[in-house]
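Quick note, the sequences are listed as chains A and B, same order. Counting along the first sequence from 1, when you hit position 7 you're at 6 in numbering that gives the first Met the number 0, and nothing is skipped either side. Counting along the second sequence from 1, when you hit position 200 you're at 199 in numbering that gives the first Met the number 0, and nothing is skipped either side. All residues carry an ideal CB built from backbone N, CA and C; glycine is no exception. Notes follow once the structure below has been shown.
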Amino acid sequence: MSIFTRAWQSWLALALALAALATFPLGISDIPVPYVPARMFSVYVLAIGGAITSLLPLPGLFLAAVLLVCSHFSTGLLLSRLTGNEGSGSVAFFLVLAANWLLAWRCVSLLSAIRTRSSTFDALLRLIIPAIFGAWILILWEALTRGLGIPFIILPPPSAIGARLMTSVPTLWADVQQTVFKAVVFGYVVGCASGFAVAILADRVAFFRHGLLPIANLMSALPIIGVAPIMVMWFGFDWQSKAAVVIVMTFFPMLVNTIAGLSAAGSMERDLMRSYASDYWQTLMKLRLPAAMPFIFNALKINSTLALIGAIVAEFFGTPIVGMGFRISTEIGRMNVDMVWAEIAVAALVGSVFYGLVALGERATTFWHPSNRGG
Amino acid sequence: MHREKLFQHRILPVATIVLVIIAIWYAGAYFMNAPFQRDLDRRGNVTSTSLEFFEKTMAQPKPTLPAPHQVAQNVFENTFLRRVTSNRSLVYHAGVTLSSTVVGFTLGTLLGILIAVGIVHVRALERSLMPWIIASQMVPILAVAPMVIVVLGAINITGLLPKALISTYLSFFPVTVGMVKGLRSPELIQLDLMRTYNASGAQTFWKLRVPASIPFLFTSMKVAIAASVVGAIVGELPTGAVAGIGSKLLAGAYYSQTIDIWAALIAGSVLAALLVAIVALAGKVADRAMGSKPMGRPA
Chain A
0 MSIFTRAWQS WLALALALAA LATFPLGISD IPVPYVPARM FSVYVLAIGG
50 AITSLLPLPG LFLAAVLLVC SHFSTGLLLS RLTGNEGSGS VAFFLVLAAN
100 WLLAWRCVSL LSAIRTRSST FDALLRLIIP AIFGAWILIL WEALTRGLGI
150 PFIILPPPSA IGARLMTSVP TLWADVQQTV FKAVVFGYVV GCASGFAVAI
200 LADRVAFFRH GLLPIANLMS ALPIIGVAPI MVMWFGFDWQ SKAAVVIVMT
250 FFPMLVNTIA GLSAAGSMER DLMRSYASDY WQTLMKLRLP AAMPFIFNAL
300 KINSTLALIG AIVAEFFGTP IVGMGFRIST EIGRMNVDMV WAEIAVAALV
350 GSVFYGLVAL GERATTFWHP SNRGG
Chain B
0 MHREKLFQHR ILPVATIVLV IIAIWYAGAY FMNAPFQRDL DRRGNVTSTS
50 LEFFEKTMAQ PKPTLPAPHQ VAQNVFENTF LRRVTSNRSL VYHAGVTLSS
100 TVVGFTLGTL LGILIAVGIV HVRALERSLM PWIIASQMVP ILAVAPMVIV
150 VLGAINITGL LPKALISTYL SFFPVTVGMV KGLRSPELIQ LDLMRTYNAS
200 GAQTFWKLRV PASIPFLFTS MKVAIAASVV GAIVGELPTG AVAGIGSKLL
250 AGAYYSQTID IWAALIAGSV LAALLVAIVA LAGKVADRAM GSKPMGRPA
């Protein structure tokens, strides 16, 4: 009985694939490019075969592997049929797609249920499971835009965006250099450093801290991005104004988090430092700053996203003719939506790399912290 | 004793810092506006005493940095002296921004809670979706906002909804993360107790997990509403300066109406601060209604 409830995705997938087979062929009859029967045959064999196999009482890992191969090959063949036949997705097409999606879901559930001792295998699983999910977002996106013939302007398929990305690498690289390497890096470093310095100062002078903390807390909730037009007026169109926006945006999270972090060290440890007769700076360097590191890295992580957003949005208010924000706003004006999406993909990639670097730095400096030790 | 402490540790320092900021602001206004004023005087062959000169730098129509009283005056005029329906009224623009903020925030909170419930209950979702939720915030959505607006406009979805969608995207993330934490916050011993009561999954969810997650919900909602305001403001930028705080910023930037920009900035900040305060208050009320004892002030 439990096979019915546990493997419901497989049952449903089987039903959908059979229903699709009943409404064969996989497209309306007068499509421009006729399909190859052998290919369509393999689409069905893979989907139905995968569904039936997954119902057999076999080891989970083996089943997952079979499902992984079957559903994705079947989908690949299905999508390749769309070339030249945009907008011709029939009921059968979407039924098979849904069947394959359910099989992939089953595959993910099987993979998540696997308990393993080996850390390499576990790391691999941690990578594969989200990868399948991400792949299916792209697959569904591709299939829906092309199968339903959604206008290019509204949502281009991922394949077109990828192609555009490949052909305009020099432009994108120039934009990344202007926005990231000039504005973001400079603004991020200066903003975080000054936030940190002011936090140390506030830590030293209690009166200053009492006055500053409520204001800083308020400021970090405010829409600071609104200073972008002012900064563009003050510092001109080039990267300096964007860096200024980034500085203002990253300053307050760093300040608030560092002040919070500096009070993280326990009173026992502080008393110990006092019994060693260590002065303020020794206590700061050897006890309180290391204890504050998780908070500081939290701010660095928040700021890595904020910095990129700040620089891009500031470019909407005026730029030289290069930069990610400039590209987005002009290409949308020219209705080159694929270029906009390519720029977005690059921005997401840059953001992830940036975040990843900060996270690596955190691993290297706060390896002793409980949240990093426990695994 | 207590009052004295509040004064010494809160009001006095904050007031001092605010005064220092205003003083710096005035000094900055003088030095940033002085070159232009000097230029103006030279062309008009006017010689003025330093006091007159100082007054003039404080009263330029389009200053580089408007003096605080200029901004305050602009905010006051456009808030209290104009009819609320007027196009120049800050209340009107703040209202437009407020409406999309609230819609986006509501949608985002519901979506965030829904995803969190899914992640907590479906293991496959936790392992496959959670990394992407985090990655989703790497997409600088604010940068994409103009495209979302234009594209949705192309298929005849205009007005409130596109802006609200950007707020939704920004606000669902903190709620999801907070709620996952909150729904998982009951300890093993409490879950075991529910099991000894033979509670069903739904009962455990409604009677243990949900109440335990409420404080987490309000904490993350405070972050989410601040993000929603930002989303709504940036979402207004590409609408061709029709209405809202964002369009006011853009119009100010186009016509170099610096005082207007600063006034809009103040209005947006007040809006954000008010909304955060309202959510915080609602959190306190909910906390009390759920019977949590007011904790002693931490030393």
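Asked, Found
"Rounded C-alpha distance that separates L57 (chain A) from I51 (chain A)", "12 Å"
"Proximal residues to W238 (chain A) (C-beta, below 6 Å), its chain only, five neighbours per side dropped", "K181 and A182"
"P67 (chain B) versus M57 (chain B): straight-line alpha-carbon distance, rounded", "9 Å"
"When A:L212, A:F236, A:A192 and A:S219 are compared against F296 (chain A), the one with the closest alpha-carbon", "A:A192"
"Contacts of R122 (chain B) in chain A (Cβ-Cβ under 8 Å)", "S108, S111 and A112"
"Residues from the segment 215-235 of chain A in contact with chain B, defined by Cβ distance under 9 Å", "L217, M218, S219, A220, L221, P222, I223, I224, G225, V226, A227, P228, I229, V231, M232 and W233"
"Buried or exposed by the 16-neighbour rule on C-beta atoms within 10 Å, applied to L271 (chain A)", "exposed"
"H300 (chain B), buried or exposed, once every other Cβ within 10 Å from all chains shown has been counted against 16", "Residue numbering for chain B in the displayed model covers 0 to 298; residue 300 (chain B) lies beyond these limits and cannot be assessed."
"Where I16 (chain B) meets chain A, residues with beta-carbon distance less than 7 Å", "G210, L211 and I214"
"Chain B contact residues for P129 (chain A), given Cβ-Cβ distances below 9 Å", "R126, S127, L128, M129, P130, W131 and A134"
"Runs of alpha helix (DSSP H) wholly within the segment 243-320 of chain A (minimum 4 residues, chain order)", "266-274, 279-282 and 288-313"
"Residue range of the unbroken alpha helix (DSSP H) whose run includes V189 (chain A)", "V184 to R203"
"Range covered by the alpha helix (DSSP H) that runs through L375 (chain A)", "Outside the modelled stretch of chain A, which goes from 0 to 374, sits residue 375 (chain A), for which no answer is possible."
"H8 (chain B) at chain A interface by Cβ criterion, 8 Å", "yes"
"Contacts that F132 (chain A) makes with chain B (C-beta to C-beta distance below 7 Å)", "S127, L128 and W131"
"Any chain A beta carbon closer than 8 Å to S219 (chain B)", "no"
"Anticipated Cβ contact below 8 Å, S376 (chain A) with L60 (chain A), distance rounded", "The requested residue 376 (chain A) does not occur in the structure, where chain A is confined to residues 0 to 374."
"Extent of the continuous alpha helix (DSSP H) run through F168 (chain B)", "It should be pointed out that residue 168 (chain B) corresponds to Tyr in this sequence rather than to Phe. Y168 (chain B) -> alpha helix (DSSP H) spans L159 to L182."
"Separation of T203 (chain B) from L96 (chain A), as counted between CA atoms", "37 Å"
"Own chain residues within Cβ distance below 6 Å of R31 (chain B), not counting five before or after", "The sequence given here has Met at residue 31 (chain B), not Arg. Counting only Cβ-Cβ distances below 6 Å, and skipping sequence neighbours, we find T63 and L64."
"Expected contact under 8 Å - CB spacing of L169 (chain B) and I132 (chain B) to nearest Å", "Their Cβ separation, rounded to whole angstroms, is 13 Å, which puts L169 (chain B) and I132 (chain B) out of contact at 8 Å."
"Proximal chain A residues relative to M289 (chain B), where beta-carbon distance stays under 7 Å", "Chain A residues near M289 (chain B): none, gap ~25 Å exceeds 7 Å."
"Minimum Cβ-Cβ distance from V284 (chain B) to chain A less than 8 Å", "no"
"Contacts that G267 (chain B) makes with chain A (C-beta to C-beta distance below 9 Å)", "L221, P222 and G225"
"Where G282 (chain B) falls: helix, strand or coil (DSSP)", "helix"
"Partners in chain A for L113 (chain B), counting only beta-carbon separations shorter than 9 Å", "The contacting residues do not exist; L113 (chain B) stays about 17 Å from chain A at best."
"8 Å Cβ cut-off: residues of chain B touching G350 (chain A)", "M137, V138 and P139"
"Proximal chain A residues relative to G107 (chain B), where beta-carbon distance stays under 7 Å", "Going along chain A, no residue has its Cβ under 7 Å from G107 (chain B), so there is no contact; the nearest lies around 16 Å."
"Cβ of S262 (chain A) within 8 Å of any chain B Cβ", "no"
"Buried versus exposed, by CB contacts within 10 Å (16 or more), Y254 (chain B)", "exposed"
"Residues that S53 (chain A) contacts on chain B, provided the C-beta gap is smaller than 7 Å", "Near S53 (chain A) there are no residues of chain B at all, since even the closest Cβ is about 14 Å away, more than 7 Å."
"Where L221 (chain A) falls: helix, strand or coil (DSSP)", "coil"
"Of the listed residues B:T218, B:L236 and B:D191, nearest to D286 (chain B) (C-alpha basis)", "B:T218"
"Presumed contact (8 Å Cβ cut-off) between A243 (chain A) and F250 (chain A), rounded CB distance", "That pair is no contact at about 11 Å."
"Helix, strand or coil at E186 (chain B) according to DSSP, with G and I counted as helix", "coil"
"For A259 (chain A) and A290 (chain A), believed in contact at Cβ under 8 Å, the rounded distance", "Contact doesn't hold; Cβ gap of about 11 Å is too wide."
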